[in-house]
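**Q** This is the structure I want to talk about, given as structure tokens.
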Amino acid sequence: MTRGGVTGGDNVVWLAEPHTLAKHQVYRQYLSKWMPIMIQSWKGNVTYAEGFSGPGVYVGGEPGSPVIALETLLRDPALRTRARDLRFLFVESQKSRSERLSEELEKAARPVPLRQLDRYGIDLAIATGDYDPTLTELLTEHNAWGRPMLVVLDTFGGSVKLDLVRRIAQNPSSEVIITFEPQHFIRWAKVDRIRHGDTVFGDPDWRRVDEQPESAKAKWVVDKYRTVLQDAGFSYVLTFELVNTRGLSLFLVFGTTHVRGLQKMKEAMWEVDPISGVQYRDPADPDQELLDIKLEPLTEPLRRELLQYLRNQPKEHAASVSDLRRFALYRTVYKESQVKPELDILVDKKLALADGTDGRVRLGGSVRLTAAGLESGG
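If you're matching positions, the sequence shown starts at 1 in my numbering and goes up one per residue.
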């Protein structure tokens, strides 16, 4: 639960930035896909966990992510009646916020009292403390290890220790969503006494961000973290940026061990309701163009990324359509289904050639760049 401008003397709740509201819509959409799959596959014996969770509500009354998660289950009778040993585990650093979170979850659970949810196969717990080691201890106490989990890690600056991320990656069918702030690491790269980055990345190599051109620093550190998560055991890692009109942004990093999870997160991204002034940005786009959040997004950045991918191929600047679809799924914010229409445009503009008998792009075929395609920006 990302902290925006704090309001009030008690610092318990704060204003929700527009990009935070957009992030929560992504969570809501993804949870509506993740929970049915997990409940069917594991009979509900799965865990949703957060650290830090926040107080569960914002100044404007908007629900926080813990409330969104619980409501996703309770408001769907088909899911609620099939839940068995489904855990909701939350860690918050401040006692006042933990207490407020309990109140907000109590409201969300009505008419069932929060303490009676266990009668319905729901194990819910809130702990106060630092996310490490409190979250690990909470997961252990509630027998979560060895069973699938979705863990949302939203700490200051994205300073999540790699040991925890690695343990989650090695747990069966488990995923993480991490709020990541590149500027936090860019700022401290030259300060040797600040070592928390070493525990996030696993070694001090992240400090090389200071050697990068100013315009490339954020992308470099995000790409570095992406590689760290893959090395930790997450086969598929998606990164994307949420930007508001004031230029404030946050990166979401999603790690999963199953390609289906990646596909469902892509669907969730593009199914959220538009929020005024909030856009996506794909870290892989050479032009860093902002994208409106809508079901049929602008796909010109994908075209540029496909061109760049083909240029980087050593043999005739060619690739199979299957490879290009995998590239889009694994390395961009776009979906596989959005690739062929962009390849059709490249062929129509004589920037690429397809091997179909009629010169058209086939899903089972391949494409290669023309001389014009090697020089074009898309």
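Backbone N, C-alpha and C define an ideal beta-carbon position, used for all residues, glycine too.
#1: What did DSSP end up calling residue 206 once you bin it into helix, strand or coil?
#2: With burial defined as no fewer than 16 other Cβ atoms inside 10 Å of the residue's Cβ, what is the status of residue 296: buried or exposed?
#3: Within the continuous beta strand (DSSP E) that includes residue 170, where are the two ends?
#4: Could you give the residue range of the alpha helix (DSSP H) that holds residue 52?
#5: Decide if residue 20 is buried, meaning its Cβ has at least 16 other Cβ atoms within 10 Å, or exposed.
#6: According to DSSP, is residue 295 part of a helix, a strand, or is it coil?
#7: Would you please state the rounded distance, in angstroms, between the beta carbons of residue 30 and residue 294? I believe it to be under 8 Å.
#8: Is the beta carbon of residue 355 closer than 7 Å to that of residue 365?
#9: Going by the CB atoms, is the gap between residue 44 and residue 83 shorter than 7 Å?
#10: Say whether chain D places a C-beta atom closer than 7 Å to the C-beta of residue 290.
#11: Who are the Cβ neighbours of residue 160 in its own chain at under 7 Å, not counting the five residues just before and after it?
#12: Can you say whether residue 371 is buried or exposed, counting buried as having 16 or more other CB atoms within 10 angstroms of its CB?
#13: By a C-beta neighbour count over all protein chains shown, 10 Å radius and 16 as the cutoff for buried, is residue 319 buried or exposed?
#14: Hey, could you find the ends of the beta strand (DSSP E) residue 281 is sitting in?
#15: Our contact map puts residue 376 next to residue 351 with C-beta atoms below 8 Å; I'd like the distance itself, whole angstroms only.
#16: Kindly give me the distance between the Cβ atoms of residue 311 and residue 317, rounded to whole angstroms, as I take these residues to be in contact under 8 Å.
#17: On the premise that residue 165 lies in contact with residue 216, defined as a C-beta separation below 8 Å, what is that separation, rounded to the nearest angstrom?
#18: Take residue 240 as the anchor and find which of 229, 180 and 247 has the nearest alpha-carbon.
#19: How far does the beta strand (DSSP E) with residue 309 in it reach, from first residue to last?
#20: Do residue 343 and residue 361 have their C-beta atoms closer together than 7 Å?
#21: Evaluate residue 195 with the Cβ neighbour count: other Cβ atoms within 10 Å of its Cβ, from every protein chain shown; 16 or more gives buried, anything less gives exposed.
#22: Please report the distance separating the alpha-carbon of residue 347 from that of residue 359.
#23: Relative to the alpha-carbon of residue 287, which residue among 279, 300 and 147 has its alpha-carbon at the smallest distance?
#24: Can you give me the C-alpha to C-alpha distance between residue 368 and residue 247, rounded to a whole angstrom?
#25: If you follow the alpha helix (DSSP H) that residue 373 is part of, which residue opens it and which one closes it?
#26: Please return the same chain residues whose Cβ sits closer than 8 Å to the Cβ of residue 267, not counting the five positions on each side in sequence.
#27: If you pair each beta-carbon of the stretch 182-192 with each one of the stretch 208-223, do three or more pairs fall below 8 Å?
#28: In angstroms, rounded to a whole number, what distance separates the CA positions of residue 12 and residue 252?
#29: Using the Cβ count rule (16 or more neighbours within 10 Å means buried), how would you classify residue 171?
#30: From which residue to which residue does the alpha helix (DSSP H) around residue 234 run?
#31: Given residue 308, which residues of its chain have a CB within under 7 Å of its CB, disregarding the five upstream and five downstream residues?
#32: Report buried or exposed for residue 118, applying the criterion of at least 16 other Cβ atoms within 10 angstroms of its Cβ.
#33: Would you be able to state if there are at least three C-beta pairs under 8 Å between the stretch 125-142 and the stretch 86-94?
#34: Tell me whether residue 188 sits in a helix, a strand or coil according to DSSP, three-state version.
#35: For residue 134, report the span of its alpha helix (DSSP H) as first-last.
#36: Mind checking who residue 290 pairs with in its DSSP beta bridge?
**A** Once the coordinates are examined:
#1: On the sequence shown, residue 206 is found 206 positions in, with the first residue counted as 1. Helix at residue 206.
#2: Within the sequence shown, residue 296 is the residue found at index 296, counting from 1. So residue 296 ends up on the exposed side.
#3: To locate residue 170, count along the sequence shown from 1; it is residue 170. Per DSSP, residue 170 belongs to no beta strand (DSSP E) and is neither H nor E.
#4: Position 52 of the sequence shown holds residue 52. Annotation: residue 52 is outside any alpha helix (DSSP H) and is labelled neither H nor E by DSSP.
#5: Position 20 of the sequence shown, counted from the first residue, corresponds to residue 20. Under this definition residue 20 is a buried residue.
#6: Locating residue 295 in the sequence shown gives position 295, where the first residue counts as 1. Secondary structure of residue 295 (DSSP, three-state): coil.
#7: Reading the sequence shown from its first residue, position 30 is the one you call residue 30. Reading the sequence shown from its first residue, position 294 is the one you call residue 294. Actually they do not touch by this definition, with Cβ atoms about 17 Å apart.
#8: Position 365 of the sequence shown, counted from the first residue, corresponds to residue 365. Position 355 of the sequence shown, counted from the first residue, corresponds to residue 355. At a Cβ-Cβ threshold of 7 Å, residue 365 and residue 355 count as neighbours.
#9: Here residue 83 corresponds to residue number 83 of the sequence shown, with the count starting at 1. Here residue 44 corresponds to residue number 44 of the sequence shown, with the count starting at 1. Inclusion of residue 83 and residue 44 in the CB contact set at 7 Å is warranted, their separation being smaller than that value.
#10: Annotation note: the requested chain D is absent from the structure, which comprises a single protein chain.
#11: For this step, residue 160 is matched to residue 160 along the sequence shown. The residues are 153, 178 and 200.
#12: Here residue 371 refers to the residue found at position 371 of the sequence shown. So residue 371 ends up on the exposed side.
#13: As a position in the sequence shown, residue 319 is number 319, starting the count at 1. Burial call: buried.
#14: Start at 1 with the first residue of the sequence shown, and residue 281 comes out as number 281. For residue 281, the enclosing beta strand (DSSP E) has its first and last residue at 278-281.
#15: Counting from 1 along the sequence shown, the entry for residue 376 is found at position 376. Counting from 1 along the sequence shown, the entry for residue 351 is found at position 351. So it is a contact: roughly 5 Å between Cβ atoms.
#16: Taking the first residue of the sequence shown as position 1, residue 311 is located at position 311. Taking the first residue of the sequence shown as position 1, residue 317 is located at position 317. The distance from the Cβ of residue 311 to that of residue 317 is about 6 Å, consistent with a contact at the 8 Å cut-off.
#17: Walking along the sequence shown from the start, residue 216 turns up at place 216. Walking along the sequence shown from the start, residue 165 turns up at place 165. Taking 8 Å as the upper bound for CB-CB distance, residue 216 and residue 165 are not in contact here, some 25 Å apart.
#18: Working through the sequence shown from its first residue, we reach residue 240 at position 240. Among 229, 180 and 247, the Cα nearest to that of residue 240 is on 180.
#19: Taking the first residue of the sequence shown as 1, we reach residue 309 at position 309. Secondary structure note for residue 309: it is in no beta strand (DSSP E), and the uninterrupted alpha helix (DSSP H) holding it is 300-311.
#20: On the sequence shown, position 343 is the one that residue 343 refers to. On the sequence shown, position 361 is the one that residue 361 refers to. Going by C-beta atoms, residue 343 is nearer than 7 Å to residue 361.
#21: On the sequence shown, residue 195 is found 195 positions in, with the first residue counted as 1. With a 10 Å radius around the Cβ and a threshold of 16 neighbouring Cβ atoms, residue 195 comes out exposed.
#22: Position 347 of the sequence shown, counted from the start, is the residue given in the question as residue 347. Position 359 of the sequence shown, counted from the start, is the residue given in the question as residue 359. Near 8 Å, if we compare the C-alpha coordinates of residue 359 and residue 347.
#23: The count along the sequence shown starts at 1 and reaches residue 287 at position 287. The residue with the shortest Cα to Cα distance from residue 287 is 300.
#24: Looking up residue 368 in the sequence shown gives position 368. Looking up residue 247 in the sequence shown gives position 247. Near 38 Å, if we compare the C-alpha coordinates of residue 247 and residue 368.
#25: If you number the sequence shown from 1, residue 373 lands on position 373. Element bounds for residue 373: 371-375.
#26: Position 267 of the sequence shown, counted from the first residue, corresponds to residue 267. The beta carbon of residue 267 lies closer than 8 Å to those of 29, 33 and 335 in the same chain, with the five residues before and after it left out.
#27: Taking 8 Å as the limit for Cβ pairs, the verdict is that the stretch 208-223 does touch the stretch 182-192.
#28: Here residue 12 is taken as the residue at index 12 of the sequence shown, counted from 1. Here residue 252 is taken as the residue at index 252 of the sequence shown, counted from 1. Straight-line Cα distance between these residues: approximately 24 Å.
#29: Along the sequence shown, read from residue 1 onward, the residue named residue 171 stands at position 171. Burial call: buried.
#30: Walking along the sequence shown from the start, residue 234 turns up at place 234. Residue 234: not part of any alpha helix (DSSP H); DSSP gives it neither H nor E.
#31: Locating residue 308 in the sequence shown gives position 308, where the first residue counts as 1. Excluding residues within five positions, the ones whose Cβ falls inside 7 Å are 286.
#32: If you number the sequence shown from 1, residue 118 lands on position 118. Under this definition residue 118 is an exposed residue.
#33: Contact check between the stretch 86-94 and the stretch 125-142: three or more CB pairs, one atom from each, fall below 8 Å, which counts as touching.
#34: Sequence index remark: in the sequence shown, residue 188 carries index 188 (1-based). Here residue 188 sits in helix by DSSP.
#35: Taking the sequence shown and counting its residues from 1, the one referred to as residue 134 is at position 134. First-last of the alpha helix (DSSP H) with residue 134: 131-141.
#36: Reading the sequence shown from its first residue, position 290 is the one you call residue 290. According to DSSP, which records beta bridges pairwise, residue 290 is partnered with 281.
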